[in-house]
Amino acid sequence: MSAGTGDSGEGGTSTAVRNTIAAGTGCGCLLSPLALLGALVVIIIIGGFGVLLAPLIALILLFSGGGGGGSAGADDADEVIAVFNGDGGGELDRSTVPEDLADPIEEAGDLCEEIGPVVIAAQIERESGFNAELVGENGEKGISQLPPAVFEKYGEDDDDNDETSALDAEDSIMAQGRYLCDLADEARRMIDANEATGSVLDLTLAGYHVGMDAVRAAKGVPQTNEAQGYVLAIRAQFAKYAGVAAPPPGSTPGVTPGAAPGPTGSPSASPSPSPSPSASASAASGA
244 MSAGTGDSGE GGTSTAVRNT IAAGTGCGCL LSPLALLGAL VVIIIIGGFG
294 VLLAPLIALI LLFSGGGGGG SAGADDADEV IAVFNGDGGG ELDRSTVPED
344 LADPIEEAGD LCEEIGPVVI AAQIERESGF NAELVGENGE KGISQLPPAV
394 FEKYGEDDDD NDETSALDAE DSIMAQGRYL CDLADEARRM IDANEATGSV
444 LDLTLAGYHV GMDAVRAAKG VPQTNEAQGY VLAIRAQFAK YAGVAAPPPG
494 STPGVTPGAA PGPTGSPSAS PSPSPSPSAS ASAASGA
């Protein structure tokens, strides 16, 4: 399922989506939901990017208050775009995640320089919607939806309950952080050896979802809806977890209003076959 368009090169689709968001925020309506919905129509007609619409939808929800009367100014728009295009660094806005998970998310985001707590939180929302009991149809378990082979390698008894379990939120989040840091190291080596182009973070996120073998073969983030959409959908949540575009009052911490996870809660457990579990396990065994 390719999202490539002509000879745009690696990252072409993500650039197109980011440019569309920037265009929507640069007009007089300043992140008007109607303006961004218009941008969605353009993308559907011209690009047919499928799941790449997720970041735009997330931004619409954030700035419209999930259908409410929220609005944003030019400075807010610029800051959201800067965070969207950034490295996911900075402090976590603890009010945006469930209270009992703020500490482990910050701890996991402090394991290496490349992966911050904002990235951890945004990825958890994409993977499970903060459902610590979720079990994917391909065997992924817990709040971070790690395949069994990956959790076996990176999981530890981080909550000190004498049990290492992917269904323990803290164990799962810390295993997620360790795995991401290893993937980031591998992504950095690939970039330094001219084996791949793109940012360390984008390659790391794509590797988490489709496996580093696929990233290496594509010499960057693969030009598929699955890989590109996954990276962009996570980036679309950075502003919320960084406290730049907070969700409206009364919304559930850790969940964008109206933006539910897939049918089983995790993209890697979608009804169609996905390379995520096997590819990710392969990457883990070769890390």
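Here the sequence shown stands for residues 244 to 530, numbered as in this note's numbering. A virtual CB, placed ideally from N, CA and C, is assigned to each residue, including glycine. Computed from a prediction, not measured in an experiment: that's the story for all the values here.
Measuring C-alpha to C-alpha distances from residue 485 to each of 362, 440, 357 and 343 identifies 362 as the nearest. Just so you know, the alpha carbons of residue 400 and residue 406 end up roughly 6 Å apart. Rounded to the nearest whole angstrom, the CA to CA distance from residue 445 to residue 477 is 10 Å. Around the CB of residue 438, fewer than 16 other CB atoms lie within 10 Å, so the residue is classed as exposed.
Beta-bridge partners assigned by DSSP to residue 358: 355. For residue 384, DSSP records a beta bridge to 378 and 389.
In this structure, the alpha-carbon of residue 327 lies about 23 Å from that of residue 455.
For residue 481, the enclosing alpha helix (DSSP H) starts and ends at 481-484. In the three-state DSSP reduction, residue 467 falls in the strand class (E or B). Taking a contact to require three or more Cβ pairs closer than 8 Å, the segment 349-364 and the segment 328-341 qualify as touching.
By the C-beta criterion, the segment 335-347 is judged not to be in contact with the segment 422-442, since fewer than 3 inter-stretch pairs fall below 8 Å.
Going by DSSP, residue 444 is part of the alpha helix (DSSP H) stretching over 443-453.
Residue 390 and residue 443 have their C-alpha atoms spaced approximately 22 Å apart.
Around the C-beta of residue 403, fewer than 16 other C-beta atoms lie within 10 Å, and the residue is accordingly described as exposed.
Of the residues assessed, residue 460 falls on the exposed side of the cut-off, its CB having fewer than 16 other CB atoms within 10 angstroms. Here residue 347 carries a helix assignment [DSSP, helix/strand/coil]. Relative to the Cα of residue 435, the nearest Cα in the group 463, 397 and 376 belongs to 463.
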